[in-house]
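Trainee: Quick note, the sequences are listed as chains B and A, same order.
Residues in the first sequence are numbered consecutively from 1, following the working numbering.
Residues in the second sequence are numbered consecutively from 138, following the working numbering.
For every residue, glycine included, the Cβ atom is placed at its ideal position computed from N, Cα and C.
Number of protein chains: 2
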Amino acid sequence: MSVDAAQLWTLNHRLLTVVLHACGPELAELGLETKEFFVLAEVTASPYPAELAATLMIPKASVTAYVRNLVAKGFVRREIDDADLRRHRLVLTADGEAARDRALAALATEFDRRLARIAPRDRTELQRILLALLAID
Amino acid sequence: MSVDAAQLWTLNHRLLTVVLHACGPELAELGLETKEFFVLAEVTASPYPAELAATLMIPKASVTAYVRNLVAKGFVRREIDDADLRRHRLVLTADGEAARDRALAALATEFDRRLARIAPRDRTELQRILLALLAID
DNA sequence: TCTAGTTAGTACAGTTTCGAACTAGTTCCG
DNA sequence: CGGAACTAGTTCGAAACTGTACTAACTAGA
Chain B
1 MSVDAAQLWT LNHRLLTVVL HACGPELAEL GLETKEFFVL AEVTASPYPA
51 ELAATLMIPK ASVTAYVRNL VAKGFVRREI DDADLRRHRL VLTADGEAAR
101 DRALAALATE FDRRLARIAP RDRTELQRIL LALLAID
Chain A
138 MSVDAAQLWT LNHRLLTVVL HACGPELAEL GLETKEFFVL AEVTASPYPA
188 ELAATLMIPK ASVTAYVRNL VAKGFVRREI DDADLRRHRL VLTADGEAAR
238 DRALAALATE FDRRLARIAP RDRTELQRIL LALLAID
């Protein structure tokens, strides 16, 4: 009845990897690398590089690189934060929003293929539980 | 109340990332890089490099590198497969098994620490839902 | 005000990763 | 058998990543 937490982690990780991997080609069509997609998807909630690095647990130097690429592709632009001149407030362009939405839709479609097999109520449960687990620490 | 699959994926991904990140120091103490740990943990189930690459969805060339490191550290050794001389059957050493078990224990502990904070019933729910999702494909 | 301490973002350089090409061994037919 | 087509694993060089150190800007305390 009880499943080892490590095994649960591992299987879960594989599930997410498979789903993400399946989206690879679609992301590529949108002109997005996987890591850049993570940043693009988080920019609205965490509009500063330092914040992105902390939230996504990516090194600051890597965020610099991904943001540079996203800016070059016209998905994001930097704005000066008048309250703190060190900060670069990141803003999605219209193209950026479109790309993000399409990328998220691709991810959702792929994951939905699997979620479709469980009850709608279970999805809500899953979301609630995941949120609770993330609220710790 | 609709639950977005992409959001579920993202939440779940962040959870796994946080847990893995927290294990980083312990893996390092064992002399394991994160990627090497994935390989080490899978060697028993998938004892050939090509199989590891397919299962873990990482490039063959990367598996070559991780296996080289694991061999150098004395966690894995290669054996010739008499039935197919191209193949390197990978075998865990005693050290390798010990390291793997400790690493998995660290992962389990960290994940358990979070699982323990949520209601026992939720934990069962999560297990049930994830197992249902993992059973697909 | 001054200054020590902290934080945002970047640059550089060393390391890691991995696509493509390669070698060696196997399989499938004829 | 012979050889075309395939597969396992590696190597190599180039691209991606990231630790460290840095500059600029903010903050707090005297």
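Who are the Cβ neighbours of C160 (chain A) in its own chain at under 6 Å, not counting the five residues just before and after it?
Mentor: One-based indexing of the second sequence puts residue 160 (chain A) at position 23. Answer for C160 (chain A): A243, L244, E247, listed in chain order.
Trainee: Taking contact to mean 3 or more Cβ pairs, one atom from each stretch, closer than 8 Å, check whether the region 22-40 of chain B and the region 88-106 of chain B are in contact.
Mentor: Yes, the region 22-40 of chain B is in contact with the region 88-106 of chain B.
Trainee: Which one or two residues does DSSP pair with L92 (chain B) in a beta bridge?
Mentor: Position 92 of the first sequence, counting from 1, holds the residue named residue 92 (chain B). Its beta-bridge partners are B:V76.
Trainee: So, does the region 252-269 of chain A touch the region 213-220 of chain A, judging by three or more C-beta pairs under 8 Å?
Mentor: No, the region 252-269 of chain A is not in contact with the region 213-220 of chain A.
Trainee: Are the Cβ atoms of A190 (chain A) and V200 (chain A) separated by less than 8 Å?
Mentor: As a working note, residue 190 (chain A) is residue 53 in the second sequence. As a working note, residue 200 (chain A) is residue 63 in the second sequence. Contact: yes.
Trainee: Taking the beta carbon of T44 (chain B) as the centre, do at least 16 other beta carbons fall within 10 Å, making it buried, or is it exposed?
Mentor: Sequence index remark: in the first sequence, residue 44 (chain B) carries index 44 (1-based). That one is exposed.
Trainee: Could you check the C-alpha separation between L152 (chain A) and V39 (chain B) for me, to the nearest Å?
Mentor: In the second sequence, counting from the first residue as 1, residue 152 (chain A) sits at position 15. In the first sequence, counting from the first residue as 1, residue 39 (chain B) sits at position 39. Whole-angstrom Cα-Cα distance: 17 Å.
Trainee: To which residues of the same chain is S183 (chain A) closer than 7 Å at the C-beta, ignoring the five residues directly before and after it?
Mentor: Walking along the second sequence from the start, residue 183 (chain A) turns up at place 46. Only L189, T192 meet the Cβ criterion.
Trainee: For A202 (chain A) and K172 (chain A), what's the separation of their Cα atoms in angstroms?
Mentor: Walking along the second sequence from the start, residue 202 (chain A) turns up at place 65. Walking along the second sequence from the start, residue 172 (chain A) turns up at place 35. Using only the alpha carbons, I get a separation of about 10 Å.
Trainee: Going by DSSP in three states, S62 (chain B) sits in which element: helix, strand or coil?
Mentor: Here residue 62 (chain B) refers to the residue found at position 62 when the first sequence is read from its first residue. Helix.
Trainee: Considering Cα atoms alone, identify which of B:H21, B:D84, B:F37, B:A132 is closest to Y48 (chain B).
Mentor: Mapped onto the first sequence, residue 48 (chain B) falls at position 48. Nearest option by C-alpha distance: B:D84.
Trainee: Looking at chain B, which residues of the region 154-168 of chain A have a Cβ within less than 9 Å of any of its Cβ atoms?
Mentor: So the close ones are T154, V155, V156, L157, H158, A159.
Trainee: Quick check: the Cα distance between R205 (chain A) and N12 (chain B), rounded to an integer number of angstroms?
Mentor: The residue labelled residue 205 (chain A) in the question sits at position 68 within the second sequence. The residue labelled residue 12 (chain B) in the question sits at position 12 within the first sequence. About 27 Å.
Trainee: Can you list, in chain order, the residues of the region 164-194 of chain A whose Cβ is nearer than 9 Å to any Cβ on chain B?
Mentor: The region 164-194 of chain A vs chain B, Cβ under 9 Å: F175, A178, E179, T192, L193, M194.
Trainee: Can you grab the Cα-Cα spacing for the pair M1 (chain B) / P59 (chain B), in whole Å?
Mentor: As a first step, residue 1 (chain B) is located in the first sequence; it is residue number 1 there, counting from the start. As a first step, residue 59 (chain B) is located in the first sequence; it is residue number 59 there, counting from the start. Model confidence at M1 (chain B) stands at a pLDDT of 42, short of 50, so the residue's coordinates are unreliable; what they give is reported in the following sentence. Rounded to whole angstroms, M1 (chain B) to P59 (chain B) spans 39 Å at the Cα level.
Trainee: Could you work out which residues of chain A lie near D112 (chain B), taking near to mean beta carbons separated by less than 8 Å?
Mentor: Translated into positions along the first sequence, residue 112 (chain B) becomes position 112. Within chain A, the residues near D112 (chain B) are A142.
Trainee: From V156 (chain A) to W9 (chain B), what does the alpha carbon distance come to, in whole angstroms?
Mentor: Looking up residue 156 (chain A) in the second sequence gives position 19. Looking up residue 9 (chain B) in the first sequence gives position 9. Between V156 (chain A) and W9 (chain B), the C-alpha separation is close to 9 Å.
Trainee: Who are the Cβ neighbours of D95 (chain B) in its own chain at under 7 Å, not counting the five residues just before and after it?
Mentor: Here residue 95 (chain B) refers to the residue found at position 95 when the first sequence is read from its first residue. Closer than 7 Å at Cβ, skipping near neighbours: G74, F75.
Trainee: Identify the continuous alpha helix (DSSP H) that holds V176 (chain A) and give its terminal residues.
Mentor: Residue numbering aside, residue 176 (chain A) sits at position 39 when the second sequence is read from its first letter. From DSSP, the alpha helix (DSSP H) with V176 (chain A) extends over 171-179.
Trainee: Which two residues bound the contiguous alpha helix (DSSP H) that contains P25 (chain B)?
Mentor: As a first step, residue 25 (chain B) must be located in the first sequence, where it is residue number 25. Counting along the chain, the alpha helix (DSSP H) containing P25 (chain B) begins and ends at 5-29.
Trainee: Could you name the residues of the region 87-102 of chain B whose beta carbon sits closer than 8 Å to any beta carbon of chain A, in the order they occur along the chain?
Mentor: Correct list: empty, as no residue qualifies.
Trainee: For a test of the three-state rule: what should DSSP assign to A256 (chain A), helix, strand or coil?
Mentor: Here the question's residue 256 (chain A) lines up with position 119 in the second sequence. Residue state, collapsed to three classes: coil.
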